[in-house]
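Asker: Residue numbers (full-length UniProt numbering): 1 to 66.
Sharing a structure with you now.
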Amino acid sequence: MPDRCYVPLCCKSSYRVCLPSDAVRLKEWLVKIRRDVSPAFQITERTKICSSHLKITDFRVTLNGR
Ligand SMILES: [Zn+2]
Numbered sequence: 001m002p003d004r005c006y007v008p009l010c011c012k013s014s015y016r017v018c019l020p021s022d023a024v025r026l027k028e029w030l031v032k033i034r035r036d037v038s039p040a041f042q043i044t045e046r047t048k049i050c051s052s053h054l055k056i057t058d059f060r061v062t063l064n065g066r
């Protein structure tokens, strides 16, 4: 199974990144891409999304707590 973007209907071809292994950050990312975990969308270690779905700040420690 090729590395395809986890975002539904995605047709981007930008650089793909693995989802974070940290549960909290993973949930934040899923919110950003509007995708929740479901039986049809299980996340594996091969699950990746396009970097273009995320802002560059998402790759750093989130500072939006306040
Ligand atoms: Zn994508």
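The C-beta atom is built at its ideal place from N, Cα and C for all residues, glycine as well.
Quick caveat: nothing in here was measured; it's all calculated off a predicted structure.
When you compare each of A23, K12, S14 to I43 by their alpha carbons, which one comes out closest?
Answerer: For this step, residue 43 is matched to residue 43 along the sequence shown. Nearest option by C-alpha distance: A23.
Asker: Tell me whether the beta-carbon of S14 lies closer than 8 Å to the beta-carbon of S51.
Answerer: Along the sequence shown, read from residue 1 onward, the residue named residue 14 stands at position 14. Along the sequence shown, read from residue 1 onward, the residue named residue 51 stands at position 51. Closer than 8 Å, so yes.
Asker: Opposite V31 in the DSSP bridges: which residues?
Answerer: By 1-based counting over the sequence shown, the position of residue 31 is 31. For V31, which the question treats as bridged, DSSP gives no partner whatsoever.
Asker: In whole angstroms, what is the alpha-carbon distance linking M1 and L30?
Answerer: Along the sequence shown, one-based indexing puts residue 1 at 1. Along the sequence shown, one-based indexing puts residue 30 at 30. Any answer about M1 is weak, because its pLDDT of 45 lies below 50 and its placement is not dependable; what the coordinates show is given next. Going by the C-alpha atoms only, they are around 21 Å apart.
Asker: Is C10 close to ligand 3? I mean its beta-carbon at under 7 Å from any heavy atom of the ligand.
Answerer: Among the ligands in the structure shown, ligand 3 does not appear; only ligand 1 can be found there.
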